[in-house]
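**Q** Quick one: the structure is below, questions incoming.
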Amino acid sequence: MTEGNSENGIMTGLYYEGTKSFWHRAPVKTKLFCSALLLLGLVLSVNISILVVNTLFLLTLAVVPGPGIALLRRLKPFVFFSLFIVLFHSLLNPANTTTWGWLGWEGFLYGSTVALRLVSIVGLAQLFLMTTPPGVVFRYFSSWHRDMGLIMLLLMGFLPVLKEEMTTTMQAQQTRGLHWQTLLERLQAYLTMIIPVIIKSLYRAQGMASLLLLRGYGENQDVQTHFTPAWTKGYYWIVALSSCFCAANLVILLRSRLMH
Amino acid sequence: MDKRLKIAIIVVGIGINIVGGTLASALKLPLFLDTIGTILAAVLLGPWLGALTGLLSNIFQGVVTNPVTIPFALVNGAVGLIVGFIALKRGFEDYVTPLLVGLILAIVAPLIGSPIAVYVFGGLTGGGVDILYGILLGSSERIFSSAFLARIPTNFVDKTISAYLVMFIVRSLPVQWKMLTERKNSKTTPVE
Numbered sequence: 340m341t342e343g344n345s346e347n348g349i350m351t352g353l354y355y356e357g358t359k360s361f362w363h364r365a366p367v368k369t370k371l372f373c374s375a376l377l378l379l380g381l382v383l384s385v386n387i388s389i390l391v392v393n394t395l396f397l398l399t400l401a402v403v404p405g406p407g408i409a410l411l412r413r414l415k416p417f418v419f420f421s422l423f424i425v426l427f428h429s430l431l432n433p434a435n436t437t438t439w440g441w442l443g444w445e446g447f448l449y450g451s452t453v454a455l456r457l458v459s460i461v462g463l464a465q466l467f468l469m470t471t472p473p474g475v476v477f478r479y480f481s482s483w484h485r486d487m488g489l490i491m492l493l494l495m496g497f498l499p500v501l502k503e504e505m506t507t508t509m510q511a512q513q514t515r516g517l518h519w520q521t522l523l524e525r526l527q528a529y530l531t532m533i534i535p536v537i538i539k540s541l542y543r544a545q546g547m548a549s550l551l552l553l554r555g556y557g558e559n560q561d562v563q564t565h566f567t568p569a570w571t572k573g574y575y576w577i578v579a580l581s582s583c584f585c586a587a588n589l590v591i592l593l594r595s596r597l598m599h
Numbered sequence: 011m012d013k014r015l016k017i018a019i020i021v022v023g024i025g026i027n028i029v030g031g032t033l034a035s036a037l038k039l040p041l042f043l044d045t046i047g048t049i050l051a052a053v054l055l056g057p058w059l060g061a062l063t064g065l066l067s068n069i070f071q072g073v074v075t076n077p078v079t080i081p082f083a084l085v086n087g088a089v090g091l092i093v094g095f096i097a098l099k100r101g102f103e104d105y106v107t108p109l110l111v112g113l114i115l116a117i118v119a120p121l122i123g124s125p126i127a128v129y130v131f132g133g134l135t136g137g138g139v140d141i142l143y144g145i146l147l148g149s150s151e152r153i154f155s156s157a158f159l160a161r162i163p164t165n166f167v168d169k170t171i172s173a174y175l176v177m178f179i180v181r182s183l184p185v186q187w188k189m190l191t192e193r194k195n196s197k198t199t200p201v202e
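Printed below as a string of structure tokens:
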């Protein structure tokens, strides 16, 4: 199973510890705000040439003060998928009129737009997630709503247990002679494995609820530690840069709309 | 009902979504099967908390494994909302309701999912559905409707199986669990 990495039982997710870069040190609130602005700017890109510039800008901003080459390595599967998108649309896009043999120019442009956008979006997401451990992201959620952070943090502890249960069930059913070759057999195997897991985890829900009760959750509001994220000085320039990026794209978009 | 149990059921629902999806891809099934937990939570807790379960499971997966699942949180949230309202109206213990849920979700899930897939991936998934998408694109000449139509059969089978699975589980749950939402047509009489 490929679900998440974990170190000493603690889920590390996509977090990259190799370097302690500028983005690693930036507070989570600033990072999330900047990522949102950069994403908005990217979505507002008006045509493919602007999109190329934006993609290059975003990747430079992500790689140089961030995790470096490691980020580009994470993008590799998406680059291959992007090439597949470009090829697919060059061959099959219904807008193709200018063609060279099997390939069409309009489809190529459409595919390239989608591919560049995909790589930039994934690059941005990776930038945020490689420099912020999942625990910090989820604790930040609790500053929006207490229970939301709690749900995510409980889940971080619960998921490894659930996976273990899944493995146990799989082994138990295999001992009883479960096998899967044909499609129907695989579906049956799925059901015989998922049903016990669901029932067991519902029992666990009851246990989890009593644990929350025992620890006084929901009784005394002062007991819980509140996480109040703050803006930190020294990181304002990156917020300003992101705002400029977003504003520049908006201006270009508005200008091209007004010209036509 | 107890707030702590609600939180625990949401956590468990998200866990079931993630494990269900992972198991489906591990067994190489041509289905997603990643909304079982959402449907279960929506039946037990009602539409809004069901929607929350769906939204948070995609966000969790996005943060921990694969960021591109985050936009599809909207689909998972809508599944919770729709199943929750249907379960409030009809209960979830007869043989007709899961089929109804499957039919409605076969339309609604691709209706929300396809625009996202077209915008982010150009309509491609990297799986077997792409062949059907390619054929439809060649004949219908429209990107959105091809991506939409190609997703309907998979979604129908996927959501119907999930809904029947949840129905059988909900039927065999003890009475205390079934009273989490008030239902009009429940066959079991509530016992205090």
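Those protein sequence lines, which keep their order, are chains H and C. Be aware that the first sequence starts at 340, since it is given in this note's numbering, and climbs by one per residue. Be aware that the second sequence starts at 11, since it is given in this note's numbering, and climbs by one per residue. Quick reminder that beta carbons are idealized off the backbone N, C-alpha and C, glycines included.
So who's on the other strand from residue 519/H, going by DSSP bridges?
**A** Answer is none; residue 519/H lacks a bridge partner.
**Q** With DSSP as the reference, please indicate the residues paired to residue 593/H in a beta bridge.
**A** None; residue 593/H has no bridge partner.
**Q** What separation, rounded to the nearest whole angstrom, lies between the Cα atoms of residue 76/C and residue 84/C?
**A** Going from the Cα of residue 76/C to the Cα of residue 84/C covers about 16 Å.
**Q** May I ask you to list the residues that DSSP assigns as paired with residue 443/H?
**A** Partner(s): 438/H.
**Q** Would residue 465/H be called buried (16 or more neighbouring beta carbons within 10 Å of its own) or exposed?
**A** Burial call: buried.
**Q** Please confirm whether residue 147/C and residue 156/C have their CB atoms less than 7 Å apart.
**A** Contact: yes.
**Q** Counting only the same chain and skipping the five closest in sequence on each side, list residues whose C-beta sits under 8 Å from that of residue 562/H.
**A** Here residue 562/H scores only 48 on pLDDT, less than 50, and its place in the model should not be relied on; the value that follows carries that caveat. Contacts found: 555.
**Q** Taking the beta carbon of residue 24/C as the centre, do at least 16 other beta carbons fall within 10 Å, making it buried, or is it exposed?
**A** Looking at its Cβ environment, which holds 16 or more other Cβ atoms inside 10 Å, residue 24/C is buried.
**Q** Between the alpha carbons of residue 419/H and residue 103/C, how many angstroms are there, rounded?
**A** Their backbone Cα atoms lie some 46 Å apart in a straight line.
**Q** Along chain C, which residues have their Cβ under 8 Å away from the Cβ of residue 574/H?
**A** Going along chain C, no residue has its Cβ under 8 Å from residue 574/H, so there is no contact; the nearest lies around 21 Å.
**Q** Taking only beta-carbon positions, decide if residue 389/H is within less than 7 Å of chain C.
**A** Chain C contact via Cβ: absent.
**Q** Closer than 8 Å by C-beta to residue 531/H: which residues in its own chain qualify, once you throw out the five before and the five after it? Chain order, please.
**A** Cβ neighbours of residue 531/H beyond the five flanking positions: 512, 517.
**Q** Starting from residue 498/H, trace the alpha helix (DSSP H) in both directions and tell me its first and last residue.
**A** Note, residue 498/H: alpha helix (DSSP H), 485–514.
**Q** Tell me which residues share the same chain as residue 41/C and place their Cβ nearer than 8 Å to its Cβ, disregarding the 5 neighbours each side in the sequence.
**A** Correct list, in chain order: 34, 164, 167, 168, 171.
**Q** Would you please verify whether the beta carbon of residue 103/C is less than 7 Å from any beta carbon of chain H?
**A** For residue 103/C, the answer is no, since every Cβ of chain H falls outside 7 Å of its Cβ.
**Q** Quick one: does residue 551/H have its CB under 7 Å from some CB of chain C?
**A** Closer than 7 Å: yes.
**Q** Contact check, residue 128/C vs residue 153/C under 8 Å by CB: the rounded distance?
**A** Rounded, the Cβ-Cβ distance is 6 Å, consistent with contact.
**Q** For residue 420/H, return the contacting residues in chain C, with the cut-off set at a CB-CB distance below 9 Å.
**A** Result: 131, 134, 136.
**Q** Kindly indicate which residue of 440/H, 504/H, 405/H, 377/H has the alpha-carbon position closest to the one of residue 579/H.
**A** Residue 579/H has its Cα closest to that of 377/H, out of 440/H, 504/H, 405/H, 377/H.
**Q** With a threshold of 7 Å between beta-carbons, can residue 402/H be considered close to chain C, or not?
**A** Closer than 7 Å: no.
**Q** For the candidate residues 543/H, 461/H, 485/H, whose alpha-carbon lies nearest to that of residue 638/H?
**A** Outside the shown range of chain H (340 to 599) lies residue 638/H, about which nothing can therefore be said.
**Q** Looking at the C-beta of residue 123/C, does it have a partner C-beta in chain H at a distance below 7 Å?
**A** Residue 123/C does not count as touching chain H.
**Q** List, from N- to C-terminal side, the alpha helix (DSSP H) runs of 4 residues or more that fit wholly inside the region 43–92 of chain C.
**A** Here the runs fully enclosed are 46–55, 57–74.
**Q** From which residue to which residue does the alpha helix (DSSP H) around residue 430/H run?
**A** Run containing residue 430/H: 415–431, per the alpha helix (DSSP H) assignment.
**Q** Can you list the residues of chain H that residue 126/C reaches, using a CB-CB cut of under 9 Å?
**A** Neighbours of residue 126/C on chain H: none; closest Cβ ~12 Å, over 9 Å.
**Q** Mark residue 600/H as exposed unless 16 or more other C-beta atoms lie within 10 angstroms of its C-beta, in which case mark it buried.
**A** Nothing about residue 600/H can be read from this structure; chain H reaches only from 340 to 599.
**Q** Should the region 131–140 of chain C be called in touch with the region 449–457 of chain H, which here means at least 3 C-beta pairs below 8 Å?
**A** In short, these stretches touch, since the Cβ pair count reaches three.
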